[in-house]
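See below for the structure under consideration.
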C-alpha cells in the first residue's frame, strides 16, 4: 500500500515474543493449568465447559469448540476486532516497544469516525473534570459529591466532572478541536433541537466517565443536581462504541483485582461502585443503568467463578437480584447475594454505618443462592396459612432440585422439614420425582433437540469426530512434526517435496519450506504470522496442538510418507478404472460392475 510505513519482521517477532500469550489471554479469560496447557471458557463463543486451550511453550491458543486459534497477535485481533497493525500497536504499548506510525488508507476510512468520537470523549473527560475541580461553575457539583462521601482522590481517579448549564459551551469547545457537529450528535455528546441548534446533552449534570476495558472513555453517565432536572440519571445513547448490554462500569479498574481475589462484587449504580471502591472493595462493577444481560454474565464467568450480588435493598433491588442470580447460575457461576437492610443502597449504607460494617455485611452475611431464593419467595406467600405454606415448599423444592450436590440438597430439605414440621422422607421422595422428570427432559433435549438448536449442536459434534482416511492422518501427523522440527521438515522436503494429497496441506508445507529457508527457527507462533490466510492459520494451530512424541523414528516417518505416496498411486489407479468402467457400462454391464467393486475395495483399503 503506498504511503504505508513497513514494520520489519524482526520487530514484529520481538513484540510478539515480549507478550506472553498466557499473560495476554489471561487478561480476558480465567485460565487454569492442566498438564502442559492452560484451559478456560472460550471468549469467542458461549460455553459452560472449558474447551479453550493455551500452550505457553508453543505460544498459541486454540478452541476445540469453535476452532478459533492462533498466536498472541491473532488473539488480540479476534477479541478486540483490531486490524493486524492495531493489534501490533496495542501489544507494542504493553511491552514498551516503539513502532513507526502507520498510514493505512482503508483503516483510516473504516475507523476514522470512531477514532474521532474517542478523541471527543477524551477531550471532554479532561474538560468536565477541570470544570469540576478548578472553576466556580463546578463548585455546586463538587459540594454535592463531598456530601455523598466522595474524596478528592476518588474524584481524580474516576475523573468525575461537571458539564455547565450553557447550551453551546461544549459545541464551541469541540468545534475548536476540529470535530464536526454531526459526529458529536451521532456519538450522543450533543442533541439537535427543533430550531436546529446543537446543545450539550449533559448540561448541568455531574459527569461520570464510562470506560471500555482498555480504559478509554466511550460514554458518560450524567447525574442531575436538582429534582427539577429530569431524568435524574442520563447515559450516552447506544453506538458502535457504547453498548450497555456488553459493558460493565469500572471493569477496566477492577479487572486485575477481580482476577487476584477470584471474586467480583456486582452493584447497580455508579455511585455505589465508586464509594465501595473508595472503601477498599476494588473488585466492584455495575451494569450501566440496565438489567444484567446474558453478555454481562458470560463476561464475568470468563474471569471468575464467584459473584456477590450487592444491589439496592428495596423491593426493586431484591427483584433485580433474583433475575441476575438466575442468569449467573446458567453460566456456571457460584453466586451469593447481599441483602442490604432497611431498603438502603450500598452507597447510603457505607455513609451511614461505615466501610467496616459494610465489608462485614458483604463477606460474612451474604446469603447463598438457596438461602436467598428461600428469602425471596417468602414475600409472595402468607406462611401463616397452611395452603400458602405448602405452595411455598413446592416452589422451594423446584430450586433445590437444581442444586448440584446431594449434601446441599439434604441440608435444605432438613431446613424445610424442621421449619414446617414436615416428614423428611416425604420431601426426599417429592424431590426425587422432580429430579427424575428433569433428567428425562434433559435426555429428550439431547436426543431430539430443542428450540435452542441442541440437535444441530449434537449433529455438528458428531460430524467433527468422523474418522479420517489413513493418508490424511499421516499428512497431519507429519505436518505436526515438521512444524516443530526443522530437520524432519528437511527430510520430508528431500523425499516428497510438497506432494501432499490435500491442497491446504500442500500450501502449508510450501510456506513452511520458505519459512525455514529464510533461517527461521521452528516456532508455530511465528509461522502463523507468516501465513496469509486465516483458515490456514487455524489449521496450523490445530496441527500444532496435536500431542506428538518429542522424538520420531525414521521408520515412522517412512510409514507416513509411504501412506501419502500410496494414496496418490491408488488415486491414479482409481481414475483409470473409473474411465474403463464408464466405457463398459453400455457394452458390458457385468464387467463394469466388477470394476466398480474393485474401486470400492481400493477405497476401503486406503481408509484403513
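Numbering (full-length UniProt numbering), first residue to last: 1 to 608.
Beta carbons are placed, not taken as given, at the ideal position from N, Cα and C, and that holds for glycine.
Just so we're clear, the structure is a prediction, and the values are computed from it rather than from any experiment.
Paired residues, beta bridge with residue 207 - DSSP: Along the chain shown, read from residue 1 onward, the residue named residue 207 stands at position 207. Per DSSP, 161, 222.
Residue(s) in a DSSP beta bridge with residue 69: By one-based count along the chain shown, residue 69 stands at place 69. BP columns for residue 69 point to 62.
DSSP-derived helix/strand/coil call for residue 336: The residue given as residue 336 occupies position 336 in the chain shown. Here residue 336 sits in strand by DSSP.
Bridge partner(s) assigned by DSSP for residue 368: By 1-based counting over the chain shown, the position of residue 368 is 368. Its beta-bridge partners are 336.
Bridge partners - residue 249, DSSP secondary structure assignment: To locate residue 249, count along the chain shown from 1; it is residue 249. For residue 249, which the question treats as bridged, DSSP gives the partners 286.
Nearest candidate by alpha-carbon position, reference residue 253, set 242, 270, 282, 272: As a working mapping, residue 253 is identified with position 253 in the chain shown. Residue 253 has its Cα closest to that of 282, out of 242, 270, 282, 272.
As assigned by DSSP and simplified to three states, the class of residue 467: Reading the chain shown from its first residue, position 467 is the one you call residue 467. Secondary structure of residue 467 (DSSP, three-state): coil.
Cross-strand partners of residue 302 (DSSP beta bridge): As a first step, residue 302 must be located in the chain shown, where it is residue number 302. DSSP output for residue 302 lists no bridge partner at all.
Host beta strand (DSSP E) of residue 198 (start-end): Residue numbering aside, residue 198 sits at position 198 when the chain shown is read from its first letter. Residues 198–200.
Cβ-Cβ distance between residue 309 and residue 321 below 7 angstroms: As a first step, residue 309 is located in the chain shown; it is residue number 309 there, counting from the start. As a first step, residue 321 is located in the chain shown; it is residue number 321 there, counting from the start. Yes, the pair counts as a contact, with Cβ atoms nearer than the cut-off.
Proximity to residue 160 [Cα-Cα], best of 126, 136, 239: Within the chain shown, residue 160 is the residue found at index 160, counting from 1. Taking only the C-alpha atoms, the option nearest residue 160 is 126.
Among 311, 315, 358, 347, nearest to residue 337 - alpha-carbon criterion: One-based indexing of the chain shown puts residue 337 at position 337. Among 311, 315, 358, 347, the Cα nearest to that of residue 337 belongs to 311.
Segment contact, 8 angstroms Cβ cut-off, at least three pairs: the region 540–547 with the region 474–487: yes
Alpha carbon of residue 276 to alpha carbon of residue 346, nearest angstrom: Against the chain shown, residue 276 aligns to sequence position 276. Against the chain shown, residue 346 aligns to sequence position 346. Looking at the two C-alpha atoms, the distance is approximately 8 angstroms.
Neighbourhood of residue 530 by C-beta distance below 7 angstroms, restricted to the same chain and skipping five residues each side: Numbered from its first residue, the chain shown carries residue 530 at position 530. Answer for residue 530: 511, 515, listed in chain order.
contact_flag[the region 212–222, the region 231–247] where n(CB pairs < 8 angstroms) is 3 or more: yes
For residue 568, the nearest candidate out of 313, 472, 601, 363 (CA to CA): Walking along the chain shown from the start, residue 568 turns up at place 568. Looking at the Cα atoms, 472 is the closest of the given residues.
Inter-residue Cα distance where the pair is residue 151 and residue 206: Walking along the chain shown from the start, residue 151 turns up at place 151. Walking along the chain shown from the start, residue 206 turns up at place 206. Going by the C-alpha atoms only, they are around 15 angstroms apart.
Segments assigned beta strand (DSSP E), at least 3 residues, entirely inside the region 131–197: 161–163, 190–192
Distance CB(residue 142)-CB(residue 132) smaller than 7 angstroms: The sequence position of residue 142 within the chain shown is 142, counting from 1. The sequence position of residue 132 within the chain shown is 132, counting from 1. Residue 132 sits close to residue 142, with the two beta carbons spaced by under 7 angstroms.
DSSP three-state assignment for residue 233, whether helix, strand or coil: By one-based count along the chain shown, residue 233 stands at place 233. If DSSP states are grouped into helix, strand and coil, residue 233 belongs with the strands.
Distance CB(residue 470)-CB(residue 560) smaller than 7 angstroms: In the chain shown, counting from the first residue as 1, residue 470 sits at position 470. In the chain shown, counting from the first residue as 1, residue 560 sits at position 560. No, the Cβ-Cβ distance between residue 470 and residue 560 is not below 7 angstroms.
Option nearest residue 68 by Cα separation, candidates 596, 163, 535, 212: Here residue 68 refers to the residue found at position 68 of the chain shown. The option with the nearest alpha carbon to residue 68 is 535.
Neighbourhood of residue 110 by C-beta distance below 8 angstroms, restricted to the same chain and skipping five residues each side: Reading the chain shown from its first residue, position 110 is the one you call residue 110. With a pLDDT of only 46 at residue 110, under the threshold of 50, the placement of this residue in the model should not be trusted; the figure read from the coordinates follows. Cβ within range, chain order: n/a, list empty.
Secondary structure of residue 311, DSSP reduced to three states: Looking up residue 311 in the chain shown gives position 311. Coil, per DSSP.
Boundaries (first-last residue) of the beta strand (DSSP E) holding residue 263: Taking the chain shown and counting its residues from 1, the one referred to as residue 263 is at position 263. Start and end: 263–267.
Inter-residue Cα distance where the pair is residue 200 and residue 156: As a working note, residue 200 is residue 200 in the chain shown. As a working note, residue 156 is residue 156 in the chain shown. The straight-line gap from Cα to Cα measures roughly 23 angstroms.
Assumed close pair residue 29, residue 52 - CB separation to whole angstroms, cut-off 8 angstroms: In the chain shown, residue 29 corresponds to position 29, counting from 1. In the chain shown, residue 52 corresponds to position 52, counting from 1. Right, their Cβ atoms sit about 7 angstroms apart.
Buried or exposed by the 16-neighbour rule on C-beta atoms within 10 Å, applied to residue 115: Taking the first residue of the chain shown as 1, we reach residue 115 at position 115. Per the 10 Å Cβ criterion, exposed.
For residue 524 and residue 60, believed in contact at Cβ under 8 angstroms, the rounded distance: If you number the chain shown from 1, residue 60 lands on position 60. If you number the chain shown from 1, residue 524 lands on position 524. Yes, residue 60 and residue 524 are in contact; Cβ-Cβ is about 6 angstroms, under 8 angstroms.
Coil, strand or helix - residue 122 by DSSP: Within the chain shown, numbered from 1, the residue matching residue 122 stands at position 122. If DSSP states are grouped into helix, strand and coil, residue 122 belongs with the helices.
Residue nearest to residue 287 in terms of C-alpha spacing, selected from 326, 506, 314, 243: For this step, residue 287 is matched to residue 287 along the chain shown. When each option's Cα is compared against that of residue 287, the closest is 243.
Outcome for residue 369 when other beta-carbon atoms lying within 10 angstroms are tallied against a minimum of 16: One-based indexing of the chain shown puts residue 369 at position 369. Burial call: buried.
Residue 44 versus 81, 15, 12, residue with shortest Cα-Cα distance: As a working mapping, residue 44 is identified with position 44 in the chain shown. Closest option to residue 44, Cα to Cα, is 81.
Reduced DSSP secondary structure (H/G/I, E/B, other) of residue 322: As a working note, residue 322 is residue 322 in the chain shown. If DSSP states are grouped into helix, strand and coil, residue 322 belongs with the helices.
Nearest residue (CA-CA) to residue 341, options 353, 330, 334, 333: Working through the chain shown from its first residue, we reach residue 341 at position 341. Ranking 353, 330, 334, 333 by Cα distance to residue 341 puts 353 first.
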